[in-house]
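**Student:**
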DNA sequence: CCTAATAGGACTAAAATGGTCCTGAATGCA
DNA sequence: TGCATTCAGGACCATTTTAGTCCTATTAGG
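Chains as they are written, first to last, in our numbering: chain G, 50 to 216; chain B, 50 to 216.
(1) Against chain G, does residue 71 (chain B) count as a neighbour if the rule is that its beta carbon must be under 9 Å from one of theirs?
(2) Please decide whether residue 63 (chain B) counts as near chain G, where near means a Cβ-Cβ distance under 9 Å.
(3) What is the residue span of the beta strand (DSSP E) that residue 114 (chain B) lies within?
(4) How many whole angstroms separate the CB atoms of residue 125 (chain B) and residue 82 (chain B), which I take to be in contact at a CB cut-off of 8 Å?
(5) Can a CB atom of chain G be found closer than 9 Å to the CB of residue 190 (chain B)?
(6) Output needed in chain order: residues of the stretch 117-142 of chain B with a Cβ under 9 Å from some Cβ in chain G.
(7) Kindly say whether residue 180 (chain B), judged by its beta-carbon, lies nearer than 9 Å to any beta-carbon of chain G.
(8) Can you tell me which residues form a DSSP beta bridge with residue 134 (chain B)?
(9) Taking C-beta to C-beta, are residue 12 (chain B) and residue 66 (chain B) nearer than 9 Å?
(10) Under the DSSP definition of a beta bridge, which residues are partnered with residue 124 (chain B)?
(11) For a cutoff of 9 Å on Cβ pairs, would you count residue 176 (chain G) as touching chain B?
(12) So for residue 64 (chain G), helix, strand or coil by DSSP?
(13) Where does residue 191 (chain B) sit, in a helix, a strand or coil, going by DSSP?
(14) Taking only the alpha-carbon atoms, compute the straight-line gap between residue 91 (chain B) and residue 62 (chain G) and give it to the nearest angstrom.
(15) The ligand GDP heavy atoms versus the CB of residue 101 (chain B): any closer than 8 Å?
(16) Sort B:70, B:174 and B:86 by Cα distance to residue 64 (chain G) and report the nearest one.
(17) Could you tell me the distance, in whole angstroms, from the CA atom of residue 72 (chain B) to the CA atom of residue 94 (chain B)?
(18) At 7 Å on the CB atoms, spell out the chain G contacts of residue 169 (chain B), in chain order.
(19) Going by the CB atoms, is the gap between residue 181 (chain G) and residue 130 (chain G) shorter than 9 Å?
(20) Strictly under 9 Å for the Cβ-Cβ distance: is residue 173 (chain B) near chain G by that measure?
(21) I'd like to know whether the C-beta of residue 184 (chain B) is nearer than 9 Å to at least one C-beta of chain G.
(22) Are the CB atoms of residue 169 (chain G) and residue 77 (chain B) within a distance shorter than 9 Å?
(23) What residues in its chain sit with their C-beta under 6 Å from that of residue 142 (chain G), if we drop five residues either side in the sequence?
(24) Look at residue 123 (chain B) and residue 85 (chain B) and say whether their C-beta atoms are less than 9 Å apart.
(25) Closest to residue 187 (chain G) by C-alpha separation, out of G:171, G:172, G:104 and G:128, would be which residue?
(26) Output yes if chain G places a C-beta closer than 9 Å to the C-beta of residue 206 (chain B); else output no.
(27) Contact check, residue 136 (chain B) vs residue 178 (chain B) under 8 Å by CB: the rounded distance?
(28) Given this structure, state the Cα-to-Cα distance separating residue 134 (chain G) from residue 183 (chain B), to the nearest angstrom.
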């Protein structure tokens with residue numbers, strides 16, 4: 050994988066770094082509970098060391114991997130793969146940036162009067178995040194085809210192999 | 050609205066242009082079936098004329114609005130608001146760019162061997178698009194609180210006013 | 001105390017985004 | 001016919017993001 054990102058739809062885009070993160074997490078999940086150094090993971094995945102390193106730091110801050118420093122240090126998953134969701138990964142890698150509504154800076158916008166639209170997009174956004182929260186690393190890896198309950202998105206996710214691809 | 054985009058999560062981000070598009074479409078939907086020039090719409094929405102114009106061109110190409118040129122020309126919705134979905138808007142404004150899987154250029158990636166991850170993200174992506182296809186302009190405008198059937202995302206969308214905001 | 005590792009940033013290059021502007025083509029009307 | 005109006009299509013530039021590299025701590029083992 051690691052998608053050649055040139056032609057992905059801007060919205061709903063998965064940044065390369067997020068993708069790297071998934072690949073790396075997949076490794077950590079596969080190789081048992083073993084500890085792996087950044088160097089090892091870089092080699093295993095084929096990602097450049099500096100970049101892999103950067104990603105791992107992000108995952109560390111996000112609490113998805115646990116690290117030990119010094120000689121014989123390395124990284125492990127901080128929790129079972131089934132307890133790590135897609136949003137977790139995205140948030141960890143793409144920063145702690147909040148979901149800022151226009152509401153948080155009222156008046157900044159200028160077009161607010163007649164506009165009921167902004168709120169709706171925010172809700173869409175949040176809804177997607179929720180759905181993404183139900184997609185677990187185990188599913189992303191492909192180990193677990195379908196999640197149990199809720200998970201509107203996850204259901205669709207697990208249900209079919211080849212989906213329609215829009216032009 | 051027109052969200053002040055500085056602090057939105059990169060992924061799941063709605064580009065400003067898409068937001069503008071929604072605001073403009075909302076106007077076209079509200080003002081009956083009337084025809085409006087780019088100038089009028091710019092004034093009504095508060096968006097700069099060149100920008101509004103650009104957005105309208107995109108919507109035209111995407112088939113969401115119909116245009117007539119020349120004196121007394123202008124724009125109208127190409128179909129009823131209930132038949133225009135969020136994905137339609139996004140696609141129209143953010144380009145005709147396809148959903149390119151690694152699959153379409155096999156071998157480009159280099160890390161393909163051990164990687165089952167890419168596909169999954171693609172499926173997530175497609176799943177979100179599907180869900181977004183069920184969110185109609187009428188809902189974005191707020192005229193119709195909740196859609197009828199299907200629409201996993203739409204259900205969540207219509208259900209609650211103020212949702213949890215992640216840090 | 002020396003070596004192996006991670007933590008945290010600073011920094012750069014390349015790409016995407018938002019916005020402006022110009023030129024061309026269609027339409028209506030005097 | 002010819003002029004004013006209005007959309008179509010891009011070229012273009014400035015700014016912001018993203019990706020990627022590197023340097024300097026800090027922590028742990030032997």
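Ideal placement from N, C-alpha and C gives every residue a C-beta, glycine not left out.
**Tutor:** According to the data block:
(1) Residue 71 (chain B) counts as touching chain G.
(2) yes
(3) 114-117
(4) 6 Å
(5) yes
(6) Listed in sequence order: 135, 136, 139 and 140.
(7) yes
(8) B:185
(9) Because chain B is modelled from 50 through 216, residue 12 (chain B) falls outside the range shown and cannot be assessed.
(10) For residue 124 (chain B), which the question treats as bridged, DSSP gives the partners B:85 and B:116.
(11) yes
(12) coil
(13) coil
(14) 29 Å
(15) The ligand GDP is not part of the structure shown, which contains no ligands of any sort.
(16) B:174
(17) Cα-Cα distance, rounded: 7 Å.
(18) The contacting residues are 188, 189 and 191.
(19) no
(20) yes
(21) yes
(22) Note that the C-beta distance between residue 77 (chain B) and residue 169 (chain G) is not below 9 Å.
(23) 66, 67, 70 and 107
(24) yes
(25) G:128
(26) Residue confidence is low: residue 206 (chain B) scores 40 on pLDDT, short of 50, so the model does not pin down where it sits. No coordinate-derived value is stated.
(27) 5 Å
(28) Taking the straight line joining both Cα atoms gives about 24 Å.
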